[in-house]
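Residue numbers (full-length UniProt numbering), protein chains in the order written: chain U, 1 to 346; chain E, 1 to 346.
All residues carry an ideal CB built from backbone N, CA and C; glycine is no exception.
Predicted model, so just to flag it, every value in this text is computed and none were measured.
2 protein chains.
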Amino acid sequence: MSSLDEFGLIRMLTEGKQPESLLRAGGVETGIGDDAAVAEATPGMRLVMTCDTMNEDIHFKRITMRDADIGFKAMASAVSDIAAMGGIPRYALISLSMPKGTEPERVRSIYDGLYESAARWNVMVVGGDTTSCTGGISLGVTVIGEVEPGRALLRSAARPGDAVFATGLLGRSSAGLDLLLNRAIPAGNWGSFDPQEEALVQAHCRPEPQVNAGRLLLESGMCRALNDISDGLASEAWEVAEASGVGIDLVEDRIPVADELYAYAARQGKDPMDYILYGGEDYQLVGTVPAGQALELQLRCKAAGVPLHIIGCVTGEAPGVRLVQSSGFLLNLGKRGYNHFAEEGG
Amino acid sequence: MSSLDEFGLIRMLTEGKQPESLLRAGGVETGIGDDAAVAEATPGMRLVMTCDTMNEDIHFKRITMRDADIGFKAMASAVSDIAAMGGIPRYALISLSMPKGTEPERVRSIYDGLYESAARWNVMVVGGDTTSCTGGISLGVTVIGEVEPGRALLRSAARPGDAVFATGLLGRSSAGLDLLLNRAIPAGNWGSFDPQEEALVQAHCRPEPQVNAGRLLLESGMCRALNDISDGLASEAWEVAEASGVGIDLVEDRIPVADELYAYAARQGKDPMDYILYGGEDYQLVGTVPAGQALELQLRCKAAGVPLHIIGCVTGEAPGVRLVQSSGFLLNLGKRGYNHFAEEGG
């Protein structure tokens, strides 16, 4: 891209994506093109801030994500952190590092995906920088949002006696990754999948952060702890357990398994729980609610079209996470990694 | 760092750096450790947001910066963008990508530098992420600050008849880089320099963003355009010229040359203007002020201990930047790169 300086490149990538009128309505006073962006903050609200970086050959490969997916998912992943606080995402800054010789078409597709994702969650892209690097592509997204003072939903708020819930279906993203790695489709040659496979691939490449669910949970006043599921259910439950100083029992029979996950795991000779507990990047939410309010919260979510599954309970045990297996066995779940899964306890 | 998970690593890098009491006083409600940070925004102020990424072997090498310098400078560079808007930096998010096998001591030093820089400009470090990558170390810093509504100092506000000013001394950072590249001191073996060389090295490794100057310029009500000097004076003047649709004439005799730069350039057989116009990373500010108010602004800055040099004027010519040489020649300055420097015009 030798013929473009940084400004020319940024103009090519961003021009016409979010019109001035949209940015104004979104609270942006000065967007891309100056030293920094200037935008309004809603009076009386607190800022919620997060950043997430996705690196080539670590978080994605050319055989597991199309370029537009990389952009879509990087934005979705940062937005998910805001959702996990019960916040409203508002502004994003993009940091793109790429090796010399990167095809402009690749970068353009990444930005298309970023903007598609931004539009989906009503995020205004207000700035960023593009630089060279010696490794693969690195895409960092910072999202700045808002939340009511003192209302942010923290990992540390779970209490013994709470019920544990999860929004949506888990494990599909990591099954989708598995499928794509096994298939090893050359970049640019993305084929078609049967509908069940497509659902897994979609879950991996186009995850949907649960912004509406997060807001609903905050506004309900019933939700205690909340966390997004970026690293698998076992690992995220561990985060809540450690931050809150509680134990968490997950009940195997209560964890919903998507048909497509069930079918794929069966074909691979694996337990769907492998994907659910130790997969990752589902970007659903896991949280807790006082047990006496669990049904009310579930009904309120149902009315709003947000699936909420009660999948376990919070115990007074020392921090730790157990799986109550269908057989009745209590399995101690390790913090992360497939290798811990075989460890038995109870 | 195989024995540490991401949480353990982040705890090692951040614990004890900014005590809870400091963070509270700085407006932080929830800092590092949850999905996102929560912090206050000052009522009635606008947000100012920017991010900057520094990549190994592109923005720094082990022979040009010690590890702590990398952290210090990455933070300083993002803070400088806030300064260039006349804003007050408040919160920072850190994104660190590193190759597997990176020594923990290296990462710890980078974070020491980040926090030293943050303390210097009163920035609260509220979050971030650490990940692996296949290339060299990549350090991204997002800074979120504040500015009075409608008062941010933009690049586009220069008008014909304005005087052009610069804060502080220019070209020293790039002379320092030159010196370090020539000296090629092995990492970890950083020697000593004579006082003049040390000043150049310091300017390169520990730049000082002009936050106070930026605030003073905004509060004066006299400053029109403002830009920080990250890419050399010629390039930054070009940005102002293009954004404002004006011409800028820089007067060679009015551009101050630091003694140490003069001495170093002489030893290298170079013109100090090479470093000033086409060097970079000085993180001083260049801006414009109505000519009739230039002296008053200069005196006000002097009283506050901020050097302000009047170095040129804004013309009605088509966008472009010229150097009025001591000889009287008008030299058209290219946007960037040493290769443009020889081009004559006028």
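Just the C-alpha distance for residue i and residue j, rounded to the nearest angstrom, thanks.
i: E:G232; j: U:E6; result: 15 Å
i: E:M49; j: E:T130; result: 21 Å
i: U:G346; j: U:L331; result: Residue placement at U:G346 is poorly supported in this model, since its pLDDT is 28, which falls under 50; the coordinates still yield a value, given next. Looking at the two C-alpha atoms, the distance is approximately 6 Å.
i: E:R62; j: E:A68; result: 11 Å
i: E:F72; j: U:A304; result: 48 Å
i: U:V211; j: E:D81; result: 30 Å
i: E:S244; j: E:A152; result: 15 Å
i: residue 431 of chain E; j: E:V257; result: The question about residue 431 of chain E has no answer, for chain E in this structure spans 1 to 346.
i: E:I94; j: U:I144; result: 14 Å
i: U:Q268; j: U:E239; result: 29 Å
i: U:I58; j: E:V79; result: 29 Å
i: E:V286; j: E:S220; result: 16 Å
i: U:A92; j: U:M124; result: 6 Å
i: E:D178; j: E:I185; result: 12 Å
i: E:L261; j: E:S132; result: 39 Å
i: U:M273; j: E:R120; result: 49 Å
i: U:H191; j: E:R155; result: The question names His, but residue 191 of chain U is Gly in the sequence shown. Distance between the alpha carbons of U:G191 and E:R155: 47 Å.
i: E:I10; j: U:S117; result: 28 Å
i: E:L217; j: U:R24; result: 26 Å
i: E:V306; j: E:I88; result: 17 Å
i: residue 365 of chain U; j: U:T288; result: An answer regarding residue 365 of chain U cannot be provided, because it is not within the stretch 1 to 346 covered by chain U.
i: U:Q196; j: U:E105; result: 30 Å
i: E:P99; j: E:I70; result: 16 Å
i: E:D259; j: E:A199; result: 10 Å
i: E:G136; j: E:L96; result: 11 Å
i: U:R90; j: E:R90; result: 18 Å
i: E:G33; j: E:R322; result: 51 Å
i: E:E146; j: U:C301; result: 37 Å
i: U:Y264; j: E:L22; result: 51 Å
i: residue 371 of chain U; j: U:C313; result: In the structure as shown, chain U starts at 1 and stops at 346, and residue 371 of chain U therefore has no counterpart that could be examined.
i: E:A342; j: E:L226; result: Caution is warranted here: a pLDDT of 36 is assigned to E:A342, below 50, making its placement in the model unreliable, and the coordinate value is therefore given only provisionally. In a straight line, the C-alpha of E:A342 is about 27 Å away from that of E:L226.
i: U:E317; j: E:S230; result: 55 Å
i: U:M45; j: E:G188; result: 47 Å
Looking only at C-alpha atoms, which of the options sits nearest to residue i?
i: residue 349 of chain E; options: E:G44, E:F165, E:P149; result: Lying before the first or after the last residue shown, residue 349 of chain E is absent from chain E, which here runs from 1 to 346.
i: E:D282; options: E:A84, E:T14, E:A39, E:P89; result: E:A84
i: E:G320; options: E:S235, E:A263, E:R62; result: E:S235
i: E:C223; options: E:L295, E:L139, E:M98, E:P256; result: E:L295
i: U:I310; options: U:V79, U:A37, U:I248, U:S156; result: U:I248
i: E:D228; options: U:D35, U:K335, U:L181; result: U:D35
i: E:M65; options: E:L217, E:T42, E:V201, E:V147; result: E:V201
i: U:R159; options: U:L323, U:G334, U:P290; result: U:P290
i: U:A175; options: U:Q325, U:D271, U:A76, U:W121; result: U:D271
i: U:Q325; options: U:R254, U:Q284, U:A263; result: U:R254
i: U:L47; options: E:M45, E:G328, E:A41; result: E:A41
i: E:T134; options: E:G101, E:G161, E:V147, E:D162; result: E:G101
i: E:L181; options: E:V107, E:F60, E:A163, E:A76; result: E:F60
i: E:K335; options: E:L299, E:L308, E:A237, E:T315; result: E:A237
Establish whether the CB of residue i and some CB of chain A are separated by less than 8 Å.
i: U:S326; result: The structure shown has no chain A; the protein chains it does contain are U and E.
What residue range does the beta strand (DSSP E) around residue i cover?
i: E:S97; result: 88 to 99
i: U:P209; result: Per DSSP, U:P209 belongs to no beta strand (DSSP E) and is neither H nor E.
i: E:L330; result: 330 to 333
i: E:L153; result: Looking at the DSSP string, E:L153 is not in any beta strand (DSSP E), and its letter there is neither H nor E.
i: E:L47; result: 46 to 55
i: E:Y227; result: The residue asked about is misnamed: residue 227 of chain E is Asn in this sequence, not Tyr. 226 to 228 is the extent of the beta strand (DSSP E) around E:N227.
i: E:G247; result: 247 to 251
i: U:L285; result: 285 to 290
Span of the alpha helix (DSSP H) holding residue i?
i: E:E6; result: 6 to 14
i: E:L114; result: 104 to 120
i: U:A36; result: It is not in any alpha helix (DSSP H) - U:A36 carries neither H nor E in the DSSP assignment.
i: E:L177; result: 172 to 183
i: U:C223; result: From DSSP, U:C223 is part of no alpha helix (DSSP H); its letter is neither H nor E.
i: E:G71; result: 67 to 83
For a test of your reading of the model: does the CB of residue i fall under 7 Å from any non-hydrogen atom of the ligand NAP? Yes or no.
i: E:P272; result: With respect to the ligand NAP, the structure offers nothing, as it holds no ligand at all.
If you measure beta-carbon to beta-carbon, which residues of the region 102 to 123 of chain U are closer than 9 Å to chain E? none
If contact is defined by three or more beta carbon pairs under 8 Å, each pair taking one atom from either stretch, is the region 274 to 281 of chain E in contact with the region 155 to 174 of chain E? yes
Taking three-plus beta-carbon pairs below 8 Å as touching, is the region 109 to 118 of chain U in contact with the region 28 to 45 of chain E? A contact between stretches requires three or more CB pairs, one per stretch, nearer than 8 Å, and the region 109 to 118 of chain U fails this requirement with the region 28 to 45 of chain E.
So, does the region 205 to 223 of chain E touch the region 241 to 259 of chain E, judging by three or more C-beta pairs under 8 Å? no
Proximal residues, the region 124 to 157 of chain U versus chain E, C-beta separation under 7 Å: V126, G127, G128, D129, T131, S132, C133, T134, G135, G136, S138, G140, T142, I144, V147, A152, L154, R155
Does the structure place the region 136 to 156 of chain E close enough to the region 42 to 56 of chain E that three or more beta carbon pairs sit under 8 Å? The region 42 to 56 of chain E vs the region 136 to 156 of chain E: in contact.
Contact the region 12 to 25 of chain E vs the region 119 to 128 of chain E: 3+ CB pairs below 8 Å: yes
Closer than 7 Å, Cβ to any Cβ of chain U: which residues of the region 226 to 248 of chain E, in chain order? N227, D228
Which residues, in order along the region 40 to 67 of chain U, keep a beta-carbon less than 9 Å from a beta-carbon of chain E? If the cut-off is 9 Å between Cβ atoms, the region 40 to 67 of chain U has E40, A41, T42, P43, G44, M45, R46, L47, V48, M49, T50, C51, D52, T53, M54, N55, E56, D57, I58, H59 near chain E.
Along the region 253 to 281 of chain E, where does the CB come closer than 8 Å to a CB of chain U? Name the residues. none
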